[in-house]
Every structure is written in C-alpha cells, then in structure tokens.
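Residue numbers (the working numbering): 852 to 1192.
Glycine residues also receive a C-beta, built at the ideal position from the N, C-alpha and C atoms.
Scroll down for the structure; my scribbles are underneath it.
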Ligand code: DAH
C-alpha cells in the first residue's frame, strides 16, 4: 500500500515538473503553480489520503515523500521562473534596441573639376618627360605679355589677343600697360630672366581674353606653355617632344605632325596637330624655335643657346577627352553636368 502511494507521489511529481519545464511564459507558469499548490492537485489529493494509511511509519514516509515532492516542485518553479524572467528581459532589450549601424545613403565625395584633371595629367606626363613646373602672375605687364615676346606696340599680332587691361599703374610704369595675361607665354620670359639654361619647364595657368562666351570660347580659360633652352636644340627635338607627349597623353594609337605657321615669338613657327586612331586630325596648339629676340629679352645669348617653345589650351583637352559639346557647361557649376565626369 505504502509503495503504491510513493509511486503515485513520484509519478505526480514528475508530471508536475515536466509541465513546469514546458511553460514558456511567466503567466502560464503562475497558473500551473497555483494549480499544483491547491488541495485538489495530485499531491493535495494524496496528502488528504495519508490518514488512511494504517502504519505510523508508512504515514511518516509518505508524508516525507509528499513534502519532498513539494520542495522539488517549488525548486523547478523557481528555476523556470528565473529562465523565463531572463528571456523576458532579453526580449525587451531586443525590442527596444536601436540599430546604430542603420544604413544611410553613402556620402558622396567630390572630385576634381574636369579642367583640373586635365591640368594635372598634363603636368604628370611632362614631368615624366623631365620637365619641371614654372609659374607666373595672372596680372602681367605689357612688356612680359607682348613686348618681350617680339610683339612691339603696333605689331599686328597683338590684334589676335583681345586684351583685358587693368586700371593700375605700377610705380614708374606707363598707364595702360598692366593687363590680364592673354597667354602663358610671358612665363617663358620670367623663367629665362630668373634661371640659367639649360631650361626644361612647362607652365600651366589661367589666361584671359575679351571674348564673349560661346560653345568654343570662354573669356577665362587655361593654357599650358612649354619651354626648352639648351645647347644645340633643333626643330627635331621639338617634333620628338611633341610626339612623345602625344603618345603618352593620348595613347599609342595617336601620332602628331607639325604644320608651318606664324607666331612672332618663334622662328620657324608651326602648329601641331594630332592624328586620332580613326585617321582624323585635330589641331592642338602652336610651337616653334624660340626667336633670337625673345632669347635676348630673356637675357639669354642666342649664339650660345637655342630652344623651342609650345603652347596649347587645357580646356580644349578636357572638352575633347570627354566630348563636351559646349565649353560653357564646364563652368556652369551645374552639379548634374559636373557629376558625370
Ligand atoms: N601663346 C600662343 C597663343 O596663345 C600659343 C603659342 C604658340 C605658344 C607658339 C608658344 C608657341 O610657346 O611657341 O596663341
């Protein structure tokens, strides 16, 4: 009889513990607990029947077993309650968490202007050919911009340069002789006056002309000048340099040619064209052997030294490279245009 009661206690207890462990919410656990504590529960029923055991010993054993069973159940409840409470806290934390790695539109980084890109690439290529970079002022004297370049007052070539004058007379200077440089060629003069040959320089920079903007002209644009002064420099060195530059800058499929032309500051003078892989020719700039008068103005003896010079537009390079239809677009600062390059 007692054995049967003890069996019943352990069966009822096992079932209660299994039920407790299976609870996955605090609320269900509470309900299960109060059911097991009630007098009508399995253990409650057993307890109320203990009096019917004949032997005192048996009643004691059975009573102890029931108490132990209650303890086991309470323990199981406490353990389960702790687990469920932890889970509840974690769920709250998860629900309230803020994702600080929240995805945003990647911030856009700007890039260099098309003209700056062309300017820097030109510098890279010429520096690779052994040139250094020279600079001169954007506000120039008439002497540096024209006179020293073999264009005295009244020289017809001055008419080609629609000059913007600056209302400024330097100490000891003549009124009307200060201007915005119309080309980068005055940097040739400044370089010759401040350095000893041999000279191998390029001078990229901003230049100004009194032009109305249209698809191919801007009153402010950019040129790059080249100047080489050394012993025994010939037209062949000029042609070779232009060719090396063409291949390096445009690609192996491009070649160049010189076409006779006229500039006051070079003699002989030429225009240089590049030949695209499709066979078409494109005029790029002017060049020639530095005129003896220009060497003299730069303080260099034409009997001892000779040299060549060249100059061309940087903006045109950018326009060509990116097939920009209207040069004004490059200066409109319209982000929809600028962003494309
Ligand atoms: N300065 C000329 C211009 O703006 C370009 C030029 C032609 C530069 C011949 C040179 C040169 O150095 O040799 O039209």
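In the assembly as shown, residue 884 is a buried residue. Its beta-carbon has 16 or more other beta-carbons within 10 Å. Secondary structure at residue 1128: coil, using DSSP grouped into helix, strand and coil. Contact check for residue 1060 and residue 1070: beta-carbon distance about 6 Å, within the 8 Å limit, so the pair qualifies.
For residue 1058, the secondary structure class from DSSP, reduced to helix, strand or coil, is strand. Taking 7 Å as the cut-off, the beta carbon of residue 1177 is found no closer than this to the beta carbon of residue 966. At least 7 Å separates the beta-carbon of residue 1030 from that of residue 1045. Under the three-state reduction of DSSP, residue 1099 is assigned to helix. In this structure, 1135 is the residue among 1148, 1135, 1150 with its C-alpha nearest to the C-alpha of residue 1170.
Secondary structure at residue 1046: coil, using DSSP grouped into helix, strand and coil.
Put simply, the backbone Cα of residue 871 is about 60 Å away from that of residue 960. If only uninterrupted alpha helix (DSSP H) runs of at least 4 residues are considered, those enclosed by the region 1017–1047 are 1037–1045.
Taking every protein chain shown into account, the CB of residue 985 has 16 or more other CB atoms within 10 angstroms, so this residue is buried.
Membership of residue 927 in the alpha helix (DSSP H) is indicated by the continuous run 907–947. Sequence-distant Cβ neighbours of residue 1012 in its own chain, meaning closer than 6 Å and more than five residues away, are 1033. Taking the Cα positions, residue 1185 is about 12 Å away from residue 1192.
Within the same chain, Cβ atoms closer than 8 Å to the Cβ of residue 991 are found at 1029, 1030, 1031, 1032, 1037, the five residues on either side in sequence being excluded. In this structure, residue 1121 has its beta carbon at no less than 6 Å from each heavy atom of ligand 1.
Collapsing the DSSP output to three states places residue 1068 in a strand. Bounds of any alpha helix (DSSP H) do not take in residue 1153, whose DSSP letter is neither H nor E. With 16 or more neighbouring CB atoms inside 10 Å of its own CB, residue 1156 falls in the buried class.
In the DSSP assignment, residue 990 falls within the beta strand (DSSP E) that extends over 990–992.
Contact between the region 1078–1096 and the region 1108–1120 is present: three or more C-beta pairs spanning the two stretches fall below 8 Å.
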